[in-house]
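Heads up: the sequence shown begins at 58 in this note's numbering, then just goes up one per residue. Ideal Cβ positions, reconstructed from N, Cα and C, are used throughout, including at glycine. Values in this document were obtained by computation on a predicted structure and should not be read as measured data. What follows is a set of notes on a single structure, which appears directly below.
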Amino acid sequence: MFPIRLLLVAFAALQLVLMPALAQAARLFTDAAGRSVEIPDRVERVLAAGPPASVLLYVVSPEKMVGWVRSPSDAEKQFLAEPYRDLPETGRLTGRGNTANIEMVLSMKPDIIIDVGTIDPTYASLADRVQEQTGISYVLIDGAF
58 MFPIRLLLVA FAALQLVLMP ALAQAARLFT DAAGRSVEIP DRVERVLAAG
108 PPASVLLYVV SPEKMVGWVR SPSDAEKQFL AEPYRDLPET GRLTGRGNTA
158 NIEMVLSMKP DIIIDVGTID PTYASLADRV QEQTGISYVL IDGAF
């Protein structure tokens, strides 16, 4: 069951960042919280809201990353492809110790924000609030295994 769940999470991420637009206008995507989120027709820059999203984004489409939630340590960098090792630290939008703020989010100019992990009303509310304040689509992907 674990590999199937992981594939479903990866597929959801692929839908968001890799698939070409089927129409010229933005399209609606229903995220894991049941929220309808308008996805831009072109997604080139993606901001990960937390550490699991950072890892998934690196595995699925690293060229679209605007940065790491937490800068990789020197020991971790040896396992990362060179172009992505030194992306800027963005901080986290979610969970305890959130270090990102709206000004930082806007300065990174992402086309979309993705969070992977727990799906509950608190995370949905945060996603709604950040999306409303920034005008940037914010999608929640269930990371439960």
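Are the CB atoms of residue j and residue i within a distance shorter than 9 Å?
{"i": "M165", "j": "R99", "result": "no"}
{"i": "V172", "j": "Y195", "result": "The sequence shown places Asp at residue 172, not Val. Result yes, Cβ atoms of D172 and Y195 sit closer than 9 Å."}
{"i": "G107", "j": "V94", "result": "no"}
{"i": "I169", "j": "D199", "result": "no"}
Span of the beta strand (DSSP E) holding residue i?
{"i": "A105", "result": "103-105"}
Throw me the rounded Cβ distance for the residue i and residue j pair, which I believe falls under 8 Å.
{"i": "L197", "j": "A90", "result": "5 Å"}
{"i": "V123", "j": "L150", "result": "The pair is not a contact, with the Cβ atoms about 13 Å apart (cut-off 8 Å)."}
{"i": "T147", "j": "M161", "result": "7 Å"}
Kindly indicate the opening and closing residues of the alpha helix (DSSP H) around residue i.
{"i": "T191", "result": "178-191"}
Count the other CB atoms, across all protein chains shown, that sit within 10 Å of the CB of residue i; report buried if there are 16 or more and exposed otherwise.
{"i": "L114", "result": "buried"}
{"i": "A201", "result": "exposed"}
{"i": "M58", "result": "With a pLDDT of only 44 at M58, under 50, the local geometry of the prediction cannot be trusted, and the value read off the model is given with reservation. By the 10 Å Cβ count, M58 comes out exposed."}
Can you name, in chain order, every residue of its own chain whose Cβ lies under 6 Å from the Cβ of residue i, other than the five neighbours on each side?
{"i": "L79", "result": "Here the model assigns L79 a pLDDT of 43, short of 50, so the residue's position is not dependable and the matter cannot be decided."}
Give every residue of the same chain whose Cβ lies closer than 7 Å to the Cβ of residue i, excluding the five residues on either side of it in the sequence, and list them in chain order.
{"i": "A138", "result": "P119"}
For chain D, is any of its Cβ atoms less than 9 Å away from the one on residue i?
{"i": "D98", "result": "Checking the listed chains, one finds no chain D in this structure; it contains a single protein chain."}
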